[in-house]
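Beneath this line is the structure, given in structure tokens, with notes to follow.
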């Protein structure tokens with residue numbers, strides 16, 4: 378065991394970052410929970426909380442091995458590390474050479490947890506709990522784990538030179554695109570477009586967004602895998618892009634609808650956090666401002682388009698995560714600079730247009746793969762389990778019909 | 290890059306000053322009743 382290589386500062390930061398990222402999933406539950414109607418809030422929060430439990434077990438049994446285990450043809454990891462065989466306290470030489478392998482594994486676990494939780498916003502208020510459970514397990518195994526391997530586990534996209542510091546393609550494009558597919562396959566909620574489906578508690582949503590922002594420092598700055606200058610850069614650009622995107626979304630919605638929306642500011646902050654995620658270890662603060670500006674504009678516009686097309690992506694997952702993730706991945710190809718990260722590459726602005734092409738390949742590959750696989754998984758589940766609750770149960774609400782509980786007794 | 294960053298922030302500040310208030314103002318209670 379090469380325990381002498383362990384750096385206590387790096388290890389402390391990575392474990393603290395894992396805890397920060399863990400908090401993001403229940404925070405997402407509150408972010409989404411506030412946006413749904415009162416009769417579905419508990420079911421919506423349960424989606425995130427349940428996934429935290431489900432994927433925590435899936436990841437240690439086989440998920441981590443598929444994503445980060447010994448490479449098979451650049452496509453998937455082997456099952457050599459199933460049940461964490463061989464993953465111990467000594468560092469792994471390439472993934473995180475100054476921290477215990479177990480610390481890297483648990484940090485990555487929290488990414489695997491939150492990614493399927495992001496999708497739940499698209500099928501909120503109408504999906505059967507049983508179908509949701511099976512979908513999450515299959516999606517994590519057949520979509521998240523392979524794509525994580527492609528980019529971070531020694532797979533073909535990483536070898537191609539795709540830059541994704543903390544998960545623009547692996548986390549946000551896969552979840553955002555899958556959300557769009559799920560919304561289309563499940564169909565609209567009963568009464569969509571005919572009756573008001575206003576958020577039942579905007580304060581809960583703003584609190585959830587704030588906790589997401591807090592946790593995102595672990596997500597991005599933790600992805601430096603060391604407590605040094607790169608982590609500090611990622612921390613600063615993360616905060617800057619989130620703030621700029623919140624300001625931009627609020628402003629665009631103000632100009633469009635005549636009032637500065639509170640929920641718009643919260644959604645904008647999340648869009649900015651999404652967009653800076655792949656870039657956070659490669660860009661400087663000026664680029665972060667431009668990335669935030671783009672996130673606030675493009676994600677807001679995408680949501681107007683999906684609503685106009687009457688796609689019932691209930692909580693706008695595609696607009697925020699799909700479009701925000703794609704913008705962030707492409708912006709990395711524009712603004713990346715070796716002045717921030719010498720181990721990476723310059724982007725188009727710094728004289729390397731090829732990097733933008735590589736980023737576009739990564740975006741296209743993750744969109745195509747996650748869309749096709751999500752469609753197949755949903756269709757299979759619909760055959761055997763049934764995706765939607767019966768109409769009567771949808772009217773009653775999922776808290777009562779799926780969980781036999783009520784969120785509020787006051 | 291720095292110029293673009295300053296310019297984009299300045300554009301937002303100008304937009305806040307110029308942004309109009311559109312639409313009828315109604316109470317939350319009236320909206321709920323509707």
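Chains as they are written, first to last, in the working numbering: chain A, 378 to 787; chain B, 290 to 323.
For glycine and all other residues, C-beta sits at the position ideal for the given N, C-alpha and C.
For this session: Go to residue 753(A), then tell me how far its alpha helix (DSSP H) extends in each direction, as first and last residue.
Result: One-based indexing of the first chain puts residue 753(A) at position 376. It spans 730-761 - the alpha helix (DSSP H) in which residue 753(A) sits, taken as one unbroken run.
Exercise. Going by other Cβ atoms of all chains shown within 10 Å of its Cβ, with 16 needed for buried, is residue 591(A) buried or exposed?
Worked result: Your numbering for residue 591(A) matches position 214 in the first chain. Taking all protein chains shown into account, residue 591(A) has fewer than 16 neighbouring C-beta atoms within 10 Å of its C-beta and is therefore exposed.
Exercise. When DSSP builds the beta bridges, which residues end up paired with residue 469(A)?
Worked result: Taking the first chain and counting its residues from 1, one reaches residue 469(A) at position 92. 473(A), per the DSSP bridge assignment.
For this session: State buried or exposed for residue 755(A), treating a residue as buried only when at least 16 other CB atoms are found within 10 Å of its CB.
Result: Residue numbering aside, residue 755(A) sits at position 378 when the first chain is read from its first letter. Buried.
Problem set entry | Within-9 angstroms CB hit, residue 625(A) to chain B | Looking up residue 625(A) in the first chain gives position 248. Closer than 9 angstroms to some Cβ of chain B, the Cβ of residue 625(A) qualifies, so yes.
Exercise. Going by DSSP, which residues form a beta bridge with residue 504(A)?
Worked result: Taking the first chain and counting its residues from 1, one reaches residue 504(A) at position 127. The partner list for residue 504(A) (beta bridge, DSSP) reads 765(A).
For this session: Give a yes or no on whether 9 angstroms exceeds the smallest Cβ distance from residue 318(B) to chain A.
Result: One-based indexing of the second chain puts residue 318(B) at position 29. Taking 9 angstroms as the CB threshold, residue 318(B) stays off the interface with chain A.
Exercise. Would DSSP call residue 453(A) helix, strand or coil?
Worked result: Taking the first chain and counting its residues from 1, the one referred to as residue 453(A) is at position 76. Correct three-state label for residue 453(A): strand.
Exercise. By the 10 Å Cβ neighbour count, where 16 or more other Cβ atoms means buried, how is residue 316(B) classified, buried or exposed?
Worked result: Within the second chain, the letter at position 27 stands for residue 316(B). Looking at its Cβ environment, which holds fewer than 16 other Cβ atoms inside 10 Å, residue 316(B) is exposed.
Exercise. Assuming residue 426(A) contacts residue 411(A) under a Cβ cut-off of 8 angstroms, what Cβ separation, rounded to an integer in Å, is found between them?
Worked result: On the first chain, residue 426(A) is found 49 positions in, with the first residue counted as 1. On the first chain, residue 411(A) is found 34 positions in, with the first residue counted as 1. 15 angstroms between Cβ atoms; not a contact.
For this session: Could you spell out where the alpha helix (DSSP H) holding residue 669(A) opens and where it closes?
Result: To locate residue 669(A), count along the first chain from 1; it is residue 292. Note, residue 669(A): alpha helix (DSSP H), 662-685.
Exercise. Span of the alpha helix (DSSP H) holding residue 597(A)?
Worked result: The residue given as residue 597(A) occupies position 220 in the first chain. For residue 597(A), the enclosing alpha helix (DSSP H) stretches over residues 579-598.
For this session: Report the three-state DSSP secondary structure of residue 448(A) (helix, strand or coil).
Result: Residue 448(A) sits at position 71 when you count from the first residue of the first chain. Strand at residue 448(A).
For this session: Helix, strand or coil for residue 383(A), going by three-state DSSP, please let me know.
Result: The residue given as residue 383(A) occupies position 6 in the first chain. It is coil, neither helix nor strand.
Exercise. Would you report the Cα separation of residue 583(A) and residue 638(A), rounded to the nearest angstrom?
Worked result: Start at 1 with the first residue of the first chain, and residue 583(A) comes out as number 206. Start at 1 with the first residue of the first chain, and residue 638(A) comes out as number 261. Cα to Cα, residue 583(A) sits roughly 11 angstroms from residue 638(A).
Exercise. When DSSP labels each residue in this structure, what does residue 654(A) get in the three-state scheme?
Worked result: Your numbering for residue 654(A) matches position 277 in the first chain. Under the three-state reduction of DSSP, residue 654(A) is assigned to coil, being neither helix nor strand.
Problem set entry | For residue 447(A) and residue 454(A), believed in contact at Cβ under 8 angstroms, the rounded distance | Position 77 of the first chain, counted from the start, is the residue given in the question as residue 454(A). Position 70 of the first chain, counted from the start, is the residue given in the question as residue 447(A). A Cβ-Cβ separation of about 6 angstroms places residue 454(A) in contact with residue 447(A) under the 8 angstroms criterion.
Exercise. By DSSP, does residue 440(A) sit in helix, in strand, or in coil?
Worked result: In the first chain, residue 440(A) corresponds to position 63, counting from 1. Residue 440(A): helix per DSSP, three-state reduction.
For this session: Counting only the same chain and skipping the five closest in sequence on each side, list residues whose C-beta sits under 8 angstroms from that of residue 429(A).
Result: Indexing the first chain from 1 puts residue 429(A) at position 52. Excluding residues within five positions, the ones whose Cβ falls inside 8 angstroms are 399, 402, 403, 490, 494.
For this session: Mind checking which residues open and close the alpha helix (DSSP H) that includes residue 692(A)?
Result: Taking the first residue of the first chain as position 1, residue 692(A) is located at position 315. Neither: residue 692(A) is in no alpha helix (DSSP H) and is coded neither H nor E.
Exercise. From which residue to which residue does the alpha helix (DSSP H) around residue 620(A) run?
Worked result: In the first chain, counting from the first residue as 1, residue 620(A) sits at position 243. Looking at the DSSP string, the run of the alpha helix (DSSP H) that includes residue 620(A) is 606-634.
Problem set entry | Cβ separation of residue 651(A) and residue 549(A), assumed to be a contact under 8 angstroms, to the nearest whole Å | Translated into the one-based positions of the first chain, residue 651(A) becomes position 274. Translated into the one-based positions of the first chain, residue 549(A) becomes position 172. With a Cβ gap of about 5 angstroms, residue 651(A) and residue 549(A) count as contacting.
Exercise. Could one say the Cβ of residue 450(A) lies closer than 9 angstroms to chain B's Cβ atoms, at least one of them?
Worked result: Residue numbering aside, residue 450(A) sits at position 73 when the first chain is read from its first letter. Put simply, the CB of residue 450(A) is far from chain B, with every gap to its CB atoms at 9 angstroms or more.
For this session: Out of 395(A), 415(A), 450(A), point me to the one whose CA is closest to residue 784(A)'s CA.
Result: To locate residue 784(A), count along the first chain from 1; it is residue 407. The option with the nearest alpha carbon to residue 784(A) is 415(A).
For this session: Helix, strand or coil for residue 714(A), going by three-state DSSP, please let me know.
Result: Here the question's residue 714(A) lines up with position 337 in the first chain. Residue 714(A) falls in the coil class under three-state DSSP.
For this session: Alpha carbon to alpha carbon, how far is residue 473(A) from residue 488(A)? Give it in angstroms, no decimals.
Result: Walking along the first chain from the start, residue 488(A) turns up at place 111. Walking along the first chain from the start, residue 473(A) turns up at place 96. Each residue's alpha carbon lies about 16 angstroms from the other.
Exercise. With C-beta atoms as the reference, is residue 391(A) less than 9 angstroms away from residue 603(A)?
Worked result: Here residue 391(A) refers to the residue found at position 14 when the first chain is read from its first residue. Here residue 603(A) refers to the residue found at position 226 when the first chain is read from its first residue. Residue 603(A) is positioned such that its CB atom lies closer than 9 angstroms to that of residue 391(A).
Problem set entry | CB contact below 9 angstroms: residue 726(A) versus chain B | Taking the first chain and counting its residues from 1, one reaches residue 726(A) at position 349. Using beta-carbon distances, residue 726(A) counts as an interface residue toward chain B, with a partner under 9 angstroms.
For this session: Scan the region 291-322 of chain B and note each continuous alpha helix (DSSP H) run of 4 residues or more that stays entirely inside, going in chain order.
Result: Qualifying alpha helix (DSSP H) stretches, in chain order: 291-307, 317-322.
Problem set entry | Interface residues of chain B facing residue 628(A) [CB-CB closer than 9 angstroms] | Position 251 of the first chain, counted from the first residue, corresponds to residue 628(A). The contacting residues are 300, 301, 304, 305, 308.
For this session: Return helix, strand or coil for residue 574(A), following the three-state DSSP convention.
Result: The count along the first chain starts at 1 and reaches residue 574(A) at position 197. Three-state result, residue 574(A): coil.
Exercise. Can you give the Cα-Cα distance for residue 476(A) and residue 485(A), rounded to whole angstroms?
Worked result: Here residue 476(A) corresponds to residue number 99 of the first chain, with the count starting at 1. Here residue 485(A) corresponds to residue number 108 of the first chain, with the count starting at 1. The alpha-carbon atoms of residue 476(A) and residue 485(A) are separated by roughly 13 angstroms.
Exercise. Are residue 689(A) and residue 680(A) touching if we call contact CB-CB under 9 angstroms?
Worked result: The residue labelled residue 689(A) in the question sits at position 312 within the first chain. The residue labelled residue 680(A) in the question sits at position 303 within the first chain. No. Outside cutoff.
Exercise. For residue 541(A), does the three-state DSSP call read helix, strand or coil?
Worked result: Here residue 541(A) refers to the residue found at position 164 of the first chain. In the three-state reduction of the DSSP assignment, residue 541(A) falls in the coil class.
For this session: Taking C-beta pairs closer than 8 angstroms, name the residues in chain B that residue 631(A) reaches, listed in chain order.
Result: The sequence position of residue 631(A) within the first chain is 254, counting from 1. Simply 304, 305, 308.
Problem set entry | Backbone CA spacing between residue 297(B) and residue 667(A) [nearest angstrom] | Here residue 297(B) corresponds to residue number 8 of the second chain, with the count starting at 1. Here residue 667(A) corresponds to residue number 290 of the first chain, with the count starting at 1. Each residue's Cα considered, the two are about 8 angstroms apart.
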